[in-house]
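*Asks:* Dropping a structure here in structure tokens format, bear with me for questions.
Number of protein chains: 2
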Amino acid sequence: MSLPKKSLFELPKGIIYLDGNSLGALPKGAASRAAEVITNQWGGELIRAWNSADWMSLPQIVGDRIAKIIGADAGTVATGDTLSIKIYQALDAALKLRPNRKVILSDDGNFPSDIYMANGLIRTLGDDYELRLVAPEDVMMSITDDVAVVMLTQIDYRTGRMHDMASITKRAHDNGAIMIWDLAHSVGAVPLDLKACRAEFAVGCTYKYLNGGPGAPAFIYARPDIVDKVEPILSGWMGHKTPFTMDLNYQPAQKAERFRVGTPPIVQLSILDAALDIWDDISMPDIRAASIELSELFIKQVEAACPVLKLLSPKDADERGSHVSFAFEYAYEAIQALIDKGVIGDFRAPNIMRFGITPLYIDREDIIHAAEAMGEVINNELYNNPKYKIKARVT
Amino acid sequence: MSLPKKSLFELPKGIIYLDGNSLGALPKGAASRAAEVITNQWGGELIRAWNSADWMSLPQIVGDRIAKIIGADAGTVATGDTLSIKIYQALDAALKLRPNRKVILSDDGNFPSDIYMANGLIRTLGDDYELRLVAPEDVMMSITDDVAVVMLTQIDYRTGRMHDMASITKRAHDNGAIMIWDLAHSVGAVPLDLKACRAEFAVGCTYKYLNGGPGAPAFIYARPDIVDKVEPILSGWMGHKTPFTMDLNYQPAQKAERFRVGTPPIVQLSILDAALDIWDDISMPDIRAASIELSELFIKQVEAACPVLKLLSPKDADERGSHVSFAFEYAYEAIQALIDKGVIGDFRAPNIMRFGITPLYIDREDIIHAAEAMGEVINNELYNNPKYKIKARVT
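Spelled out as structure tokens, the structure:
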């Protein structure tokens, strides 16, 4: 199946873009929305735009739109800052909900920044806290009743391997732990149902599958029945119940809004808001079906064209998110050569070629052309073009 | 004196804008820079723009430009996040540099968010930490040898009262304390000399006098000789020495760059970068001289036109930043009435009328007209227009 959305994006001619899982493509409405915000709202209304253009509500408006995409209710998602900051907030809140436990469980396939942020928090909390890292496949059995928080990224940024949110969250809860999901590579890529899953917290970024633009703000979800118990560690004035009373005593805002920190990035939030227009009339199951169809086609075509590549992603589509990765000795050079041919994928250390499948603006024809280009690069050009500095393989 | 910079801003007709200390006006280059970044870089280059448009270096480029304005060397300023986040980073770093002391000294004229963030950090660090708040005029004598960190906002967001950075920093150092300055209402408003002052940390925002736009990124300065000792609490991947090795062990980047956290907000950073073009050929002493001249004129004219207003700002220009505040029983309504007449100032609870003097785009004529409008509002319209719901004063 093909989704009738490609015309809503500004895609450069001659490019097949398989890196929307790093930075989503430019939605057509984004530039005009930014111009409106800068020229008419900021320029024309100046400070008044906080009310007249409703900048004050924008973080909440955008949060509610993201809530719909992740299967959550309005009022449960706050936007702003970066994903690293949101992980930090969620983790601190989660640990405070389990004051008698000291173990954070994560896996070594998690995105490094999540691990760094957890270690940064632990250094402040004290030596009795432990970040326990296990292999992704060992997560389930490692959720024991000494674990305070299970903190996982659902879809591995390298391989696309996907954790089962429902069963892991259930096991976390059965063992008395709090669950935090990082949805960086999930939101807009796979159907999510936070309400059914009942994880306490989820965080994500919006510049990948949601196409919010470079450095678009992040988001945090907090389950409505626990959010009122959270006293935010990053207690900035925009998370205050009434920021403009300028009270020296912090009182957290209602619901997820308490996870706001400082002045919101209005231009970037507006661009994201424009990008979310595309999602109004699309269903995540349709996106998922298209993603699987295109991913399966891509794997089949690439494996046929490039036998030397080793599929790193799960073979089973049900265990895979919306990107596909291959291991290859000359992955870095091959990605450069592909980009030179107009097929944009991504290199991830040490030897990963990664390709994002974004069915909003990628179709079957793109996939077939991309696989052909990969065959040409990997079987030939990589070794014959001195630019890539690789000697012919001795086979 | 008048600065020849007004033509570099897009100012709406019929408006006198005296709120540039809340949100600076729109520089003419900002909209086209945003369009370039969105349409050509993001749209045309997609993920490649991180290198081809040098997005990777943008936080550093902008940081170096801010460093010049605050009297600091290149490499000492990191940009991104919000001011609240930057205060949190500076405060944690400062406390770790004085592990045997537990007192943070601040004043109750500080911006509430700074106080909230300090309390949020303290809740995590433990009960033995204390945030000691004193009156602004008692700061000097309260810097004793049990104080770990002195954390102050140089210019009071309400009154414009200005702390003397040099003497307070010296007293902090004489007592073995670390000094953090919040420059929110200072940067671009008054001359700053971080190098001479030798404060360990300074933070600020860029959407006020630097005209970076709504929600523009914040900045943090760290003194070069101590920055290498800082292990950042918010240890995000963009503050890693080599973010793309995706190493699970965090190693802080060189110099101030270690205070970066997540993916930088490229669109807002680019707008800020464009806004900073205006500063290339201007001297802060010239700005200061113009600010004082305009502020003195404003006070004189307003006091003559509106005897009922009480000057809240220091009378002595040397003790005042670049905004002027008056107390008035009906401050809220008076600001509304002024805005209705095209003179934009700001209300701050409970009874403050606040006016930013931004000599880049405010001149003598604006000041004289604004004072006239204040006379009309405060002596007449406020009581005679039922919209403002104030009964005539019984005198």
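Heads up: the sequence lines are chains B and L, in that order. In this text, residue positions in the first sequence follow the working numbering: the first is 1, and each later residue adds one. In this text, residue positions in the second sequence follow the working numbering: the first is 396, and each later residue adds one. Heads up, the beta-carbon is just placed ideally off N, CA and C, and yes, glycines get one too. Please read all numbers here as calculations on a predicted model, not as lab measurements.
(1) Just confirm the distance between the C-beta atoms of ILE396 (chain B) and TYR221 (chain B), as a whole number of angstroms; I'd bet it's less than 8 Å.
(2) Please check the pair SER325 (chain B) and LEU338 (chain B), which I expect to be a contact at CB under 8 Å, by giving their CB distance rounded to whole angstroms.
(3) Give me the chain B residues within the contact set of ASN514 (chain L), using Cβ-Cβ distance strictly less than 7 Å, ordered along the chain.
(4) Quick one: complete alpha helix (DSSP H) runs, 4+ long, within the region 441-525 of chain L?
(5) Which value, in whole angstroms, describes the spacing of the CA atoms of ASP145 (chain B) and VAL542 (chain L)?
(6) Just the C-alpha distance for ILE694 (chain L) and ALA765 (chain L), rounded to the nearest angstrom, thanks.
(7) Quick one, are the C-beta atoms of PRO232 (chain B) and GLY515 (chain L) less than 8 Å apart?
(8) Less than 8 Å between CB atoms is the rule here; does VAL394 (chain B) satisfy it with respect to chain L?
(9) How many Å lie between ARG593 (chain L) and GLY375 (chain B) at the Cα?
(10) Just verifying my parser: in three-state terms, what is the DSSP assignment at SER720 (chain L)?
(11) What's the gap between the Cα of SER106 (chain B) and the Cα of GLY740 (chain L)?
(12) Give the list of continuous alpha helix (DSSP H) stretches no shorter than 4 residues that lie fully inside the region 571-618 of chain L.
(13) In chain order, what are the residue ranges of uninterrupted alpha helix (DSSP H) at least 4 long that sit wholly in the region 660-723 of chain L?
(14) Shorter than 7 Å, the distance from the beta carbon of LYS497 (chain L) to the closest heavy atom of the ligand COA, or not?
(15) First and last residue of the beta strand (DSSP E) that includes MET353 (chain B)?
(16) Is DSSP giving PRO12 (chain B) helix, strand or coil here?
(17) Does any residue of chain B have a CB that is nearer than 8 Å to the CB of THR477 (chain L)?
(18) Could you pull the start and end residues of the beta strand (DSSP E) that ASP19 (chain B) belongs to?
(19) In this structure, does DSSP put ILE368 (chain B) in helix, strand or coil?
(20) List the residues of chain L that GLN268 (chain B) touches, going by C-beta distances under 9 Å, in chain order.
(21) In angstroms, rounded to a whole number, what distance separates the CA positions of LYS310 (chain B) and GLU329 (chain B)?
(22) Of the residues L:PRO407, L:TYR756, L:ILE411, which one's Cα is nearest the Cα of GLU682 (chain L)?
(23) Give the straight-line distance between the Cα atoms of LEU605 (chain L) and GLU45 (chain B), rounded to the nearest whole angstrom.
(24) Assign LYS255 (chain B) to one of two classes, buried (16 or more other C-beta atoms within 10 Å of its C-beta) or exposed (fewer than that).
(25) Looking only at C-alpha atoms, which of L:ILE621, L:ASP523, L:THR564 sits nearest to ASP577 (chain L)?
(26) For ALA420 (chain L) and HIS718 (chain L), what's the separation of their Cα atoms in angstroms?
(27) Is the beta carbon of GLN268 (chain B) sitting closer than 8 Å to the one on GLN455 (chain L)?
(28) Tell me which residues share the same chain as ASN779 (chain L) and place their Cβ nearer than 6 Å to its Cβ, disregarding the 5 neighbours each side in the sequence.
(29) In angstroms, rounded to a whole number, what distance separates the CA positions of LEU8 (chain B) and LEU234 (chain B)?
(30) Can you check which of these residues, L:MET679, L:ALA729, L:GLU525, is closest to CYS701 (chain L) by C-alpha distance?
(31) Report the partner residues of PHE347 (chain B) according to the DSSP bridge assignment.
(32) Quickly, what does DSSP pair ARG527 (chain L) with across the bridge? List them, please.
(33) Can you give me the Cβ contacts of VAL343 (chain B) inside the same chain, cut-off strictly under 6 Å, excluding the 5 residues immediately before and after it?
(34) Using a Cβ-Cβ cutoff of 8 Å, what residues of the region 719-730 of chain L are near chain B? List them in chain order.
(35) Check whether the Cβ atoms of PRO214 (chain B) and TRP674 (chain L) sit closer than 8 Å, and answer yes or no.
(36) Keeping to the same chain, check which residues put their C-beta closer than 8 Å to that of ASP642 (chain L); ignore five residues upstream and five downstream.
*Replies:* Inspection of the coordinates gives the following:
(1) Chain B is shown only over 1 to 395; residue 396 (chain B) falls outside these bounds and no answer can be derived.
(2) Along the first sequence, one-based indexing puts residue 325 (chain B) at 325. Along the first sequence, one-based indexing puts residue 338 (chain B) at 338. In fact, because the Cβ distance is near 14 Å, the residues do not count as touching under 8 Å.
(3) For the purposes of this step, residue 514 (chain L) is taken as the residue at position 119 of the second sequence. Going along chain B in sequence order, the residues near ASN514 (chain L) (Cβ under 7 Å) are SER235, TYR250.
(4) 444-447, 453-464, 478-492, 507-520
(5) Indexing the first sequence from 1 puts residue 145 (chain B) at position 145. Indexing the second sequence from 1 puts residue 542 (chain L) at position 147. Using only the alpha carbons, I get a separation of about 42 Å.
(6) Translated into the one-based positions of the second sequence, residue 694 (chain L) becomes position 299. Translated into the one-based positions of the second sequence, residue 765 (chain L) becomes position 370. Roughly 11 Å separates the two Cα atoms.
(7) In the first sequence, counting from the first residue as 1, residue 232 (chain B) sits at position 232. In the second sequence, counting from the first residue as 1, residue 515 (chain L) sits at position 120. For PRO232 (chain B) and GLY515 (chain L), yes; Cβs fall inside 8 Å.
(8) If you number the first sequence from 1, residue 394 (chain B) lands on position 394. With a pLDDT of only 49 at VAL394 (chain B), under the threshold of 50, the placement of this residue in the model should not be trusted, and no figure is reported.
(9) One-based indexing of the second sequence puts residue 593 (chain L) at position 198. One-based indexing of the first sequence puts residue 375 (chain B) at position 375. Looking at the two C-alpha atoms, the distance is approximately 59 Å.
(10) Translated into the one-based positions of the second sequence, residue 720 (chain L) becomes position 325. Strand, per DSSP.
(11) What you label residue 106 (chain B) is simply residue 106 of the first sequence in a count that begins at 1. What you label residue 740 (chain L) is simply residue 345 of the second sequence in a count that begins at 1. Using only the alpha carbons, I get a separation of about 50 Å.
(12) 589-592
(13) 661-671, 679-700
(14) Ligands are entirely absent from the displayed structure, and the ligand COA is therefore not among its contents.
(15) Translated into the one-based positions of the first sequence, residue 353 (chain B) becomes position 353. Counting along the chain, the beta strand (DSSP E) containing MET353 (chain B) begins and ends at 352-356.
(16) Here residue 12 (chain B) is taken as the residue at index 12 of the first sequence, counted from 1. Looking at PRO12 (chain B) - three-state DSSP - the assignment turns out to be coil, as it is neither helix nor strand.
(17) Taking the second sequence and counting its residues from 1, the one referred to as residue 477 (chain L) is at position 82. Yes - at least one Cβ of chain B is within 8 Å of the one on THR477 (chain L).
(18) For this step, residue 19 (chain B) is matched to residue 19 along the first sequence. From DSSP, ASP19 (chain B) is part of no beta strand (DSSP E); its letter is neither H nor E.
(19) Counting from 1 along the first sequence, the entry for residue 368 (chain B) is found at position 368. The answer is helix: DSSP assigns ILE368 (chain B) an H, G or I state.
(20) What you label residue 268 (chain B) is simply residue 268 of the first sequence in a count that begins at 1. Under the 9 Å cutoff, chain L gives GLY610, PRO660, ILE661, VAL662, GLN663.
(21) Stepping through the first sequence from its first residue, residue 310 (chain B) is reached at position 310. Stepping through the first sequence from its first residue, residue 329 (chain B) is reached at position 329. One C-alpha to the other measures close to 10 Å.
(22) Locating residue 682 (chain L) in the second sequence gives position 287, where the first residue counts as 1. Position check: residue 682 (chain L) holds Ile in this sequence, whereas Glu was assumed. For the residues L:PRO407, L:TYR756, L:ILE411, the minimum Cα distance to ILE682 (chain L) belongs to L:TYR756.
(23) Looking up residue 605 (chain L) in the second sequence gives position 210. Looking up residue 45 (chain B) in the first sequence gives position 45. About 18 Å.
(24) The sequence position of residue 255 (chain B) within the first sequence is 255, counting from 1. Classification of LYS255 (chain B): buried, given that the 10 Å Cβ count is 16 or more.
(25) What you label residue 577 (chain L) is simply residue 182 of the second sequence in a count that begins at 1. The option with the nearest alpha carbon to ASP577 (chain L) is L:THR564.
(26) The residue you call residue 420 (chain L) lines up with position 25 of the second sequence. The residue you call residue 718 (chain L) lines up with position 323 of the second sequence. One C-alpha to the other measures close to 15 Å.
(27) If you number the first sequence from 1, residue 268 (chain B) lands on position 268. If you number the second sequence from 1, residue 455 (chain L) lands on position 60. In this structure, GLN455 (chain L) does not lie closer than 8 Å to GLN268 (chain B) by Cβ.
(28) To locate residue 779 (chain L), count along the second sequence from 1; it is residue 384. So no residue of the chain qualifies.
(29) Along the first sequence, read from residue 1 onward, the residue named residue 8 (chain B) stands at position 8. Along the first sequence, read from residue 1 onward, the residue named residue 234 (chain B) stands at position 234. Using only the alpha carbons, I get a separation of about 37 Å.
(30) What you label residue 701 (chain L) is simply residue 306 of the second sequence in a count that begins at 1. If we check each option's Cα against that of CYS701 (chain L), L:ALA729 comes out closest.
(31) The residue you call residue 347 (chain B) lines up with position 347 of the first sequence. Looking at the DSSP assignment, PHE347 (chain B) forms a beta bridge with B:MET353.
(32) To locate residue 527 (chain L), count along the second sequence from 1; it is residue 132. The partner list for ARG527 (chain L) (beta bridge, DSSP) reads L:LEU500.
(33) Along the first sequence, read from residue 1 onward, the residue named residue 343 (chain B) stands at position 343. Here the set comprises ILE16, ALA370, ALA373.
(34) none
(35) Here residue 214 (chain B) refers to the residue found at position 214 when the first sequence is read from its first residue. Here residue 674 (chain L) refers to the residue found at position 279 when the second sequence is read from its first residue. Cβ atoms of PRO214 (chain B) and TRP674 (chain L): not closer than 8 Å.
(36) The sequence position of residue 642 (chain L) within the second sequence is 247, counting from 1. Cβ neighbours of ASP642 (chain L) beyond the five flanking positions: HIS635.
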